[in-house]
Structures are given as structure tokens and as C-alpha cells.
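To keep things clear, I will list the structure first and then write my remarks on it.
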Ligand code: B12
Ligand code: SF4
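Numbering (my numbering), first residue to last: 612 to 1093.
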């Protein structure tokens, strides 16, 4: 596992395997850890695994390959790669010499079948190498009853990365009702066409999980990582009542402007929701509709953001820079819209063309991306595949991106003044304006102080752990950093 975040995928897979009596061990690569290879080698020697699994997003893929390649030189264990990168680019991932198996889609049952019978070449969801040939098995149906899954193995992570204890990551559903062109749901819905993609756990299952884990790991907050936590209003009303009664700790969630209303917001507030994140992606309605395939209007977004604020819940807005057809001029009107919204936090990212998503074809039509750069992205060569270089070199767009981060902090009238007098391109042309506001945005309400302190605490714990690991595994001549 990479970096300091946790992976629900690995937690679910671990629980399923342990339930069948298998032993599971986890190693997390901590940011700043100097001699990870040495620690990894020692762990492999002690644990003697038969299989070593990696979960990879596209952005992780390059480092997953680097580590997997090294692992193959020190053990005969089989290497399995799963996750969105294996699912969306299976031919690329299986083509690596050091990869023995890949798992497409849900790995919960497939991994158990594989581990219990590695000779079986007909396991659905699994591609494998046999006598230098690649066997490509078909997909099994999606798990429709999510309550059949065991609760995620949180302890696996807490043991290895105790700084993760504070915030409990949880999913109450799989899938999303929408299919925005830049999102993995767009690809997955096509892969599983004809099957029900959005699936919800029962209220009781989620409450039972949280009750058990609250006792065990004493978390302070919950983060619901569902693509859209508010997708089922009836479910939500029942859930929030029980959550307030039986769990009663602050939580944050992700929603969608079309699937949240005043009634839901008031219940969210009562149940201790401290932050709602919604995707706006662009202030320009036409681009939102034609390029992203998102039909929500600015009027609806304004109404929802005001409702969220009325409840004194923090609102975070997701924005994507560099969408095809976007021009710096469009932002004049767009910035006025964003200034009017004045969310607590802007999360803005430059568009990444993730493999097999519809936006690739749109980007190609606008000349923003070509097959060569897509190939680089698929191979994890993100640095060179960065399709945003041209746009990032536009100083006006860069200034807008910096100005946007300041909107939550500046008085509305002052932001409007900067916009009206066209001063923002001059003021925000310097890099210094980049990350600073993101930090302060988190201080913009009392609720968020708790979040900031727990983030600092996590960072300090991580630092302590990393320095402990660095001194436990000191540098030898054979060490190379990963
Ligand atoms: C939680 C989450 C995060 C968390 C935790 C990430 C993590 N390490 O798990 C955080 C907030 C850190 C995060 C960050 C980012 N994320 Co994110 N994230 C998600 C989210 C919402 C849920 C993932 C999840 O836990 N699902 C629940 C588990 C149980 O399901 P699962 O992951 O699908 O796993 C199953 C199978 O895939 C398979 N499987 C998975 N791994 C493995 C491994 C093995 C060995 C096997 C056998 C099987 C297997 O079996 C699992 C069980 O069925 C997904 C969207 C989604 N709904 O999936 C996006 C998603 C994965 N994220 C995405 C992105 C883009 C990012 C960021 C780049 C965002 C950004 N701009 O910064 C960063 C990148 C971080 C990085 N490492 O570089 C994209 C990835 C697209 C892509 N092609 O790579 C997704 C798909 C969202 C999207 N809209 O497209 N993310
Ligand atoms: S609403 Fe969010 S999660 Fe759902 S498809 Fe669109 S971007 Fe993806």
C-alpha cells in the first residue's frame, strides 16, 4: 500500500481472506520513508507470502510497478495487481513481466478463489499468465447485496499506520447515479452495462459496522467516501436518525447538487455533518453540460450552496481546470458566479484524462489530447503525459486558478472589485499565492478547527513513525531509495 492514506479495497479483501482462514500482512509505504526497500525485504522474509497484492489507481501505477519489479527479484511469491488501473487498462498491466495475475472489477470473491486454487485457469475477473500465454477470463456479475461483504479490516491499517485512527473511512454504497465524462463511473457503467451499478448497503449493516469500530478504534470523525452519499433520500433519512442516536460523531460526506435538498441538509446537520463536498467542476454551464455531461444549472448550484451554508455546514466545491473548449475569457462570468457562491473550500485540479473515460474522445476533438499522451497516461508516465502543459503555460488561466483559491477567504466585495477592475491577473500571477489559501480555508470556521488539529496530529504521528522506521532500518550500501 502506498502513501499515508488507507485503502478500503485492501481492507475489504483482507477481511474476506481472513474469514476463510488465510493470513494477511500489510506494508504501507510512508511518505518520507528512506529505506522502505530494506523494510519490505525483511517483512517478506519473515512473512513468507505466497501472493503479494497491489491496489493501483492510474496515478499510483508507476510506483506500484517500481515496487512490484523489486519484489519479484527477492521472492517467488505471485504478484497480483487490482484496482481501477488493472480494470481500465488490463492489457497494459498484465503485460509487465513481474505481474502474474490481474483482477478486474470486484476482487472480493475472485481473490479467494485464486488463492485457494492457483491452478484454476478459469476464475472469473482474473487474467493470468500460463506457459507464457495470457488467459483472459470474463467478468462475474457485480455483487448486488453489499451486506454479504464482511466489514473492512481496519485493524490491518491501524497497526501499520496508527495515525489513521482519527478519521474513519466508510462506504455505504458502490456506484453513482451519474456518468460524468471524466469519471471512472463513466467507464464502469459501460463495462457493466445491463447490471445495476448503484448499490446501497442496508442501514443496519452500516450502523453495526460503525458501532463495532467505534468501540474498537475509538475514531473521532467519519468520512463517507461514497461517490454520492445522498443518492437515496429514503435510506438517508432512516440512516441519519440511527446515526445520531447510536454513533453521534462529526462526519463529512460527498453529495451532488441534484441529490440534496433543504430537508436532507437539516437532517445532516442534526446528525453532526460538518462538511459537504459537491462537484461543480466548471462555472460555465455550457461546458458543464456539453463536455462533462452534468445537467445541473448554476441556479440550482447557487440554491444548494446557500442551503448548505444556512445550516452552517462547511461547503467544499470541486472544480476542474483545463476542460476541453475552456478559455480564459469564459472565466470572467464564471468567477463572478464563484464569488457569489463563496464556498468554504475550493478543491481545484487540472483535468487528468483517465483511461477509457469518454472525455478522452472529447479532448481529442478539441485537439487537447492525442493517442501518444493517452498511451503515456495508461503506462503511468503521468509526468510526460501531462496534457495540461499548454494550458498551464497560459498566465491568465494560472492567475485565475490562484484567485479562485482566495475567493473563500477574501470579502466578496473585494473579490468583485478585483474582478471588475481586472486586477486579479496582475496580483495572482505569482506562485506564492498557490497553496497558502488552501491551508487557511480550513480555518474558516470553528468546525474546521477540529479537522485541522486532527490533520496536524496525523502529520506529527506520521513524522514520528517515519523517523522511527528510518532509524530502525539505517542505510547500508545496498540500500536504494524508492
Ligand atoms: C476513497 C478514494 C480515495 C481516497 C483513498 C484512496 C485509496 N488509496 O484507496 C483518497 C482521498 C486518498 C483518494 C485520492 C485520490 N483519488 Co480517489 N477515490 C476514492 C474512491 C472515492 C473510493 C475508492 C474505494 O475505496 N472504493 C471502495 C473499494 C472497496 O472498492 P474498490 O476501490 O473499487 O476496490 C475493489 C476493486 O477495485 C478490487 N481491487 C482494488 N484493489 C485491489 C487490489 C488487489 C490485489 C485485488 C485482488 C483487487 C483489488 O477489489 C476491491 C474490492 O471489490 C474512488 C471512487 C470509487 N467509488 O471507487 C476514487 C478514485 C479511485 N480516485 C481517483 C482519483 C483520480 C484520485 C486522486 C488522483 C484525486 C486527486 N485529484 O488528487 C487522488 C490520488 C491519490 C494517489 N494515490 O495518487 C479516481 C481514479 C481514476 C484512475 N483511473 O486512477 C477514482 C476512481 C475516482 C474517479 N472519479 O474517477 N481517493
Ligand atoms: S457525480 Fe461524481 S462520482 Fe458520480 S459520475 Fe459524476 S463525477 Fe463521478
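Ideal Cβ placement from N, Cα and C applies to all residues, glycine included. Remember, it's a predicted structure, so these values are computed and weren't measured experimentally.
Helix, strand or coil at residue i according to DSSP, with G and I counted as helix
i            : result
residue 684  : helix
residue 792  : coil
residue 672  : helix
residue 877  : helix
residue 618  : coil
residue 1080 : helix
residue 937  : coil
residue 1089 : Annotation note: pLDDT 39 at residue 1089 (below 50); position unreliable, coordinate value reported separately. Three-state DSSP puts residue 1089 in coil, outside helix and strand.
residue 666  : strand
residue 814  : helix
residue 924  : coil
residue 958  : strand
residue 647  : helix
residue 659  : coil
residue 948  : helix
residue 720  : helix
residue 1057 : The predicted model places residue 1057 with a pLDDT of 49, which falls under 50 and marks its position as unreliable, so this point remains unresolved.
residue 640  : strand
Span separating the alpha-carbon of residue i from that of residue j
i            : j            : result
residue 717  : residue 770  : 25 Å
residue 739  : residue 691  : 9 Å
residue 1013 : residue 962  : 16 Å
residue 617  : residue 631  : 23 Å
residue 819  : residue 1011 : 46 Å
residue 1057 : residue 829  : Unreliable placement is indicated for residue 1057, whose pLDDT of 49 sits below 50; the coordinate value is still reported in the next sentence. Cα to Cα, residue 1057 sits roughly 22 Å from residue 829.
residue 878  : residue 779  : 21 Å
residue 923  : residue 885  : 8 Å
residue 774  : residue 835  : 18 Å
residue 711  : residue 761  : 27 Å
residue 659  : residue 1078 : 26 Å
residue 919  : residue 957  : 15 Å
residue 817  : residue 784  : 10 Å
residue 638  : residue 941  : 47 Å
residue 648  : residue 763  : 27 Å
residue 948  : residue 621  : 41 Å
residue 696  : residue 669  : 5 Å
residue 1018 : residue 1025 : 9 Å
residue 1036 : residue 931  : 19 Å
residue 804  : residue 1020 : 44 Å
residue 667  : residue 753  : 20 Å
residue 629  : residue 912  : 45 Å
residue 1070 : residue 899  : 36 Å
Check: residue i C-beta below 6 Å from any heavy atom of the ligand B12
i           : result
residue 782 : yes
residue 828 : no
residue 670 : yes
residue 779 : no
residue 727 : no
residue 764 : no
residue 689 : no
Residue i beta carbon near the ligand SF4 (any heavy atom closer than 6 Å)
i           : result
residue 796 : yes
residue 890 : yes
residue 867 : yes
residue 789 : yes
residue 838 : yes
Proximity below 7 Å, CB of residue i to CB of residue j
i            : j            : result
residue 814  : residue 849  : yes
residue 685  : residue 652  : yes
residue 723  : residue 627  : yes
residue 833  : residue 787  : no
residue 714  : residue 731  : no
residue 798  : residue 998  : no
residue 974  : residue 672  : no
residue 936  : residue 977  : yes
residue 677  : residue 1081 : no
residue 945  : residue 895  : yes
residue 1023 : residue 953  : yes
residue 791  : residue 903  : yes
residue 721  : residue 734  : yes
residue 871  : residue 821  : no
*Identify every run of the alpha helix (DSSP H) within the region 969-1044, keeping only runs that are complete inside it and at least 4 residues long; order them along the chain.*
If we require 4 residues or more, the alpha helix (DSSP H) runs fully inside the region 969-1044 come out as 970-976, 982-989, 993-996, 1000-1003, 1006-1017, 1023-1031, 1035-1038.
*Counting only runs of 4+ residues fully inside the region 725-812, write out the alpha helix (DSSP H) ranges in chain order.*
Every alpha helix (DSSP H) of 4 residues or more that sits fully in the region 725-812 is shown, in chain order, as 765-771, 795-802.
*Which ranges would you report for the beta strand (DSSP E) in the region 848-922 if only whole runs of at least 3 residues count?*
Considered as a whole, the region 848-922 harbours 862-866, 884-892 as its complete beta strand (DSSP E) runs of no fewer than 3 residues, in chain order.
*asked:* What ranges does the beta strand (DSSP E) occupy inside the region 685-712, keeping only unbroken runs of at least 3 residues that lie completely in it?
replied: DSSP runs (the beta strand (DSSP E)) wholly in the region 685-712: 689-693.
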